[in-house]
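J.: Keeping their order, the protein sequence lines are chains A and L. Taking numbering that gives the first Met the number 0, the leading residue of the first sequence gets 0, the next gets one more, and so forth. Taking numbering that gives the first Met the number 0, the leading residue of the second sequence gets 0, the next gets one more, and so forth. For glycine and all other residues, C-beta sits at the position ideal for the given N, C-alpha and C. Here the structure is a predicted model, which is why all the values come from computation and not from measurement. What follows is a single structure, and I will ask about it in a moment.
Number of protein chains: 2
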Amino acid sequence: MRALAGKIDEVFEFVQKYIKENGYAPSVREICKGCEIKSTATVFTYLNELADRGLINKANLKNRAVSLKQNVTTVPLIGTVAAGQPIFATENYEDFYSLPSNFFSGEDLYMLNVHGDSMIKIGMYEGDKIVVKKQETADNGDIVVALVDDSATVKRFFKRDGKVVLHPENDEMDDFVFDNVKIVGKVIGLIRNL
Amino acid sequence: MRALAGKIDEVFEFVQKYIKENGYAPSVREICKGCEIKSTATVFTYLNELADRGLINKANLKNRAVSLKQNVTTVPLIGTVAAGQPIFATENYEDFYSLPSNFFSGEDLYMLNVHGDSMIKIGMYEGDKIVVKKQETADNGDIVVALVDDSATVKRFFKRDGKVVLHPENDEMDDFVFDNVKIVGKVIGLIRNL
DNA sequence: AAATTTAAGGAACAAATGTTTGCTTTTTTC
DNA sequence: GAAAAAAGCAAACATTTGTTCCTTAAATTT
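Pasting the structure below:
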């Protein structure tokens with residue numbers, strides 16, 4: 000029997016290609032045909048092994064229940080926040096974007112539109128969208144989203160002399176100093192389209 | 000019979016949620032349970048209608064062969080280009096990213112790492128990744144990727160007096176003027192993670 | 001070269017699942 | 001309010017499909 004070492008890899012690639020093309024997984028018998036394997040039992044074994052290796056997900060006793068490891072995370076864009084409403088209310092979800100998870104990882108991400116030019120020195124421009132990780136604390140130097148007067152503002156965060164300093168990255172603007180400020184996230188990325 | 004107008008929408012949402020959570024589509028009977036519908040025939044009808052409306056894809060006679068309309072495009076990141084090699088050789092593909100297609104649409108996209116600070120005035124920083132649409136021509140003012148000395152460079156494009164001007168967005172740098180330059184793409188977006 | 005292990009195949013089984021048909025209930029129309 | 005249309009249900013049917021068991025062939029070991 001030809002232990003063509005790459006046979007199982009061929010199955011893996013076939014599954015990937017099939018799912019990409021069709022949006023759903025191939026059946027065991029379709030894999031047989033696609034990879035010229037004679038027995039469904041063989042493919043069945045391969046699929047379980049691929050699942051063991053962590054290359055695919057597979058549910059038992061369900062048809063076509065094979066899926067690839069997710070490489071996207073779906074993230075809501077939070078639009079204009081209605082006054083007095085909690086910022087994360089689903090009513091504020093303006094749209095959803097599927098971001099590459101090999102780029103933006105972690106739980107509880109959201110996106111915001113950039114308004115104004117207060118962070119222009121680090122390349123955040125009006126119309127850009129920023130990717131934010133939901134958290135209520137921050138370290139010195141982090142770019143954070145803070146809630147000031149019921150609206151979300153993006154600044155660099157410092158804690159100094161017991162006060163919170165929100166520092167715009169714009170030489171023409173001054174620091175904002177507060178006794179206390181509600182942090183709602185840390186900026187971890189930026190997306191722009193031209 | 001309660002023609003709860005939203006019933007079919009409920010099915011649609013259930014399918015979306017199920018696929019997102021499991022990576023594969025629900026069976027007709029699972030939809031029955033999830034949406035409290037008594038008959039598989041009802042769900043069957045709904046699914047066909049959703050497919051007719053173009054909201055889902057559905058294959059006949061195949062199990063769990065329902066899929067959502069794609070909202071991501073897979074884009075290769077082109078890494079360091081080997082000398083003398085065509086830039087788009089698959090050997091240069093360093094990684095793949097799934098970008099949201101409601102953001103970056105079109106055929107033949109690729110990504111590049113940003114090197115240097117020649118475009119710093121428009122917020123392109125070292126380490127950023129740019130999204131590029133493959134094309135060999137450009138309009139005045141476009142940000143383009145051009146091939147100079149076998150390596151890809153990003154500049155603003157102008158055609159002036161029959162010459163091609165590649166303009167860095169950096170006050171400390173001068174324009175590059177060429178008789179002819181090979182354009183390999185137009186920059187349509189940017190992604191950064193901090 | 002025989003014995004053992006490993007990989008693949010064949011065939012049948014049982015479960016899961018899409019689909020059809022006819023009936024019932026609700027809604028709409030006249 | 002009766003008739004017609006639409007929507008939903010129930011049950012059965014027919015595939016599709018995952019899974020198992022056992023056999024066969026190849027590779028490896030002894």
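Checking 8 Å against the spacing of the C-beta atoms, do I77/A and Y109/A come in under that value?
T.: Cβ distance < 8 Å, so I77/A and Y109/A count as in contact.
J.: What does DSSP give as the partner residues of I190/A in its beta bridges?
T.: Answer is K128/A and I190/L, bridged to I190/A.
J.: Taking Cβ-Cβ distances below 7 Å as the criterion, which residues of the segment 171 to 182 of chain L are in contact with chain A?
T.: Residues passing the 7 Å Cβ filter: none.
J.: Would you grab the beta carbon distance between E168/L and I119/L for me? Rounded to a whole angstrom, and I think it's under 8 Å.
T.: E168/L to I119/L, Cβ: 7 Å. Contact.
J.: Near K162/L, which residues of its chain fall below 8 Å by C-beta distance, leaving aside the five closest residues on each side in sequence?
T.: Excluding positions up to five away in sequence, the list reads V176, F177 and D178.
J.: Roughly how many angstroms separate the alpha carbons of I190/L and S66/L, rounded to a whole number?
T.: If I take the Cα positions, the gap works out to 28 Å.
J.: Starting from the beta carbon of V71/A, find every residue of chain L whose beta carbon is closer than 7 Å, and list them in chain order.
T.: By Cβ distance, chain L contributes V71 and S97.
J.: Measuring only the C-alpha atoms, how far is S26/L from K6/A?
T.: One C-alpha to the other measures close to 30 Å.
J.: Residues in its own chain within less than 6 Å of Y272/L by CB, not counting five upstream and five downstream?
T.: Residue 272/L lies beyond the range of chain L shown here (0 to 193); nothing can be said about it.
J.: Would a check of beta-carbon distances place K16/L closer than 8 Å to chain A?
T.: So no, K16/L is outside the interface.
J.: For G22/L, count neighbouring C-beta atoms within 10 Å of its own C-beta (all shown protein chains included) and say buried if the count is 16 or more, exposed if not.
T.: Buried, since its Cβ has 16 or more Cβ neighbours within 10 Å.
J.: Work out the CA separation of K158/L and G140/L for me, nearest whole Å.
T.: One C-alpha to the other measures close to 9 Å.
J.: Are A137/A and V131/A close, meaning C-beta to C-beta below 8 Å?
T.: No, these two residues do not count as a Cβ contact at 8 Å.
J.: Tell me whether P99/L is buried or exposed, calling it buried when 16 or more other Cβ atoms sit within 10 Å of its Cβ.
T.: Looking at its Cβ environment, which holds 16 or more other Cβ atoms inside 10 Å, P99/L is buried.
J.: What did DSSP end up calling F11/L once you bin it into helix, strand or coil?
T.: DSSP places F11/L in helix when its eight states are reduced to three.
J.: Listing by chain order, which chain L residues have their CB less than 9 Å from the CB of L108/A?
T.: Those within 9 Å of L108/A in chain L number zero; the least Cβ separation is about 11 Å.
J.: Where does D127/A land, buried or exposed, given buried means 16+ other C-beta within 10 angstroms?
T.: Under this definition D127/A is a buried residue.
J.: Which same chain residues, not among the five before or five after C34/A, have their C-beta less than 8 Å away from its C-beta?
T.: Only K6, E9, V10, F13 and V42 meet the Cβ criterion.
J.: Where do the ends of the alpha helix (DSSP H) carrying D51/A lie?
T.: Note, D51/A: alpha helix (DSSP H), T39 to D51.
J.: What three-state label does DSSP hand L184/A in the structure shown?
T.: According to the sequence shown, residue 184/A is Gly rather than Leu. Three-state DSSP puts G184/A in a strand.
J.: Any C-beta of chain L sitting closer than 8 Å to the C-beta of R191/A?
T.: Yes, because at least one Cβ of chain L sits closer than 8 Å to the Cβ of R191/A.
J.: Let's see if you can read the secondary structure: which residues bound the beta strand (DSSP E) around R195/L?
T.: No answer is possible for residue 195/L: it lies beyond the span of chain L, which begins at 0 and ends at 193.
J.: State the Cα-Cα distance for the pair I55/A and G184/L, rounded to the nearest angstrom.
T.: If I take the Cα positions, the gap works out to 35 Å.
J.: Would you please verify whether the beta carbon of V113/A is less than 8 Å from any beta carbon of chain L?
T.: Answer no: the Cβ-Cβ gap between V113/A and chain L never drops below 8 Å.
J.: Whole-angstrom Cβ separation of D200/A and K133/A, contact assumed at under 8 Å?
T.: Any answer about residue 200/A is impossible in this case: the structure gives chain A only from 0 up to 193.
J.: Given a threshold of 16 other Cβ atoms within 10 Å of its Cβ, counted over all protein chains shown, does L165/A qualify as buried or as exposed?
T.: Burial call: buried.
J.: CB V180/A to CB V147/A, shorter than 8 Å?
T.: Yes, they are a contact pair.
J.: Under 8 Å between beta-carbons, which chain L residues line up against G126/A? List them in chain order, please.
T.: Those within 8 Å of G126/A in chain L number zero; the least Cβ separation is about 11 Å.
J.: Roughly how many angstroms separate the alpha carbons of D160/A and I182/L, rounded to a whole number?
T.: Going from the Cα of D160/A to the Cα of I182/L covers about 54 Å.
J.: Checking 8 Å against the spacing of the C-beta atoms, do N91/L and R63/A come in under that value?
T.: Against a cut-off of 8 Å, the Cβ pair of R63/A and N91/L comes out as no contact.
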